[in-house]
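Taking this note's numbering, the leading residue of the sequence shown gets 51, the next gets one more, and so forth.
What follows is one structure encoded as structure tokens, with my remarks underneath.
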Amino acid sequence: MSSQDPVTVGDHPGGLRAGALRIGDVVVMAMASSGPTQSIAVTLAVLLATVGYASFLPILICFIPMLGIAIGYQRLNAWQPSAGATYSWVGRALNPHAGFFAGWIMLMYYSVGTTSLTVPLGTYMLSFFSNSAANNPHAVAAVGTAFDLVVLVVAALGIKLSARFSWGWAIFEYGLLIGFSIAALVGIYGHSLHHTVHITSSWFTVSGAGGFSALVSGLLLAIFLYSGWDTAAYVSEEAKGKQAGPAGVTSVVILFAIYAGVVLCLQGVAPNGAMQANAANILAYVGNLIGGGGWKQVMIVAVLGGTLASLLAAIVSASRISFAMGRDRVFPRWFGEVSPTHRTPRWP
């Protein structure tokens with residue numbers, strides 16, 4: 051199970067393309083896997099229903115152990131960079147059987163995650179043309195599958211192309227989220243928005259969250275928000291030097307800032323009841339309140355793009371895990387093959 055085989059590791063025709071990613075590329079791909087825009091679209095209304103306006107508290111509490119895990123990943127990556135990451139580290143530090151089991155768990159996680167993104171991709175795209183089409187399961191499945199295939203091709207054409215794709219959407223969607231957050235604060239405290247909710251000290255207390263049991267439910271949602279940043283570890287063999295470890299830590303810190311800041315700003319633009327009534331497409335509702343009907347469509351595009359970037363990162367991560375397992379001969383050998391042209395796993 052040695053990942054130090056000179057034939058399969060490093061900048062060699064038999065291995066992945068070493069040094070292809072800078073630290074910024076790895077950070078953006080890790081954040082794309084977490085999918086901030088899509089995650090906020092899914093959880094904002096649920097957080098409000100669970101902990102009221104005290105959503106900052108579970109996001110902060112989950113950030114602390116998540117940062118500790120990221121630092122642990124950084125140390126493990128410094129010890130042994132591997133495309134298998136969790137699979138390789140568990141197998142070498144504890145037991146090969148435990149490593150094999152960990153690899154399967156991560157593959158299941160990314161496979162289920164990839165499949166689950168097919169439906170929102172089809173729904174968001176079709177909603178631009180017809181509400182009836184967006185509610186047609188066959189049309190949604192067809193469009194979502196088409197997006198899956200497009201993203202699969204991008205992932206297969208090289209890690210640099212995947213990084214550029216992630217950068218393009220990151221600049222657009224994060225800029226949009228930050229811009230809308232600032233506009234929300236200006237609208238709330240400049241009184242240009244009506245029926246808003248102002249920030250109070252109760253937003254930062256356990257009692258404001260509805261008690262300890264409600265806070266625990268909020269923590270489960272916050273954990274979901276952070277999931278996916280470990281993509282940084284799975285592209286470690288393709289990162290320059292040992293930058294994948296610091297990139298993972300950086301991505302967790304940035305995700306905390308984005309989630310805490312955006313949720314804190316956007317949740318007060320309308321009363322909780324109105325937010326719950328528009329929970330199915332809450333970011334589009336918020337965009338319409340702040341900027342008008344045109345911005346509603348822009349917000350839908352941002353969610354669609356964020357979902358695509360998240361799907362791409364999931365495919366990249368899963369293909370690296372299966373590649374490492376194939377290389378170590380615990381998967382069929384052909385999973386460990388690399389495209390000689392694009393230097394990506396031949397079987398993503």
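The beta-carbon is built from N, C-alpha and C at its ideal position, and this holds for glycine as well.
These figures come from a predicted structure and were not determined experimentally.
For the 9 Å CB-CB criterion, M156 and S367 form a contact. About 7 Å separates the CB atoms of P86 and L305; that is less than 8 Å, so the two are in contact. In this structure the region 171 to 189 touches the region 343 to 358; the number of beta carbon pairs closer than 8 Å is three or more. T165 and D198 have their C-alpha atoms roughly 9 Å apart.
Taking 4 residues as the shortest admissible run, the region 145 to 201 contains the following complete alpha helix (DSSP H) segments, listed from N- to C-terminal end: 146 to 176, 181 to 184. By the criterion of at least three beta-carbon pairs nearer than 8 Å, the region 132 to 148 is not in contact with the region 340 to 349.
The Cβ atoms of I238 and V319 lie closer than 9 Å to each other.
The region 127 to 134 makes contact with the region 284 to 294; the number of CB pairs closer than 8 Å reaches 3 or more. Looking at the DSSP output, A272 shares a beta bridge with no other residue. A check of alpha carbon separations from I340 across F381, V266, F230, G298 identifies F230 as the nearest. The alpha carbon of L333 has as its nearest neighbour, out of L94, V76, L71, the alpha carbon of L94. In chain order, V76, N127, P131, A282, A283, V285, S286 place their CB closer than 7 Å to the CB of A294, counting only its own chain and leaving out the 5 sequence neighbours on each side. Under DSSP, L211 forms no beta bridge with any residue.
M81 has its alpha-carbon roughly 28 Å from the corresponding atom of N322.
Within the same chain, Cβ atoms closer than 7 Å to the Cβ of A99 are found at Q326, the five residues on either side in sequence being excluded.
Residue environment: T250 is assigned as exposed (fewer than 16 neighbouring CB atoms within 10 Å of its CB, all protein chains considered). Taking the Cα of V380 as reference, the smallest distance to any Cα among A310, F274, Y137, G298 is reached at Y137. Assigned with DSSP and collapsed to three states, L94 falls in helix. When the five nearest sequence neighbours on each side are left out, the beta carbons in the same chain lying within less than 6 Å of the beta carbon of G163 are those of A364, in order along the chain.
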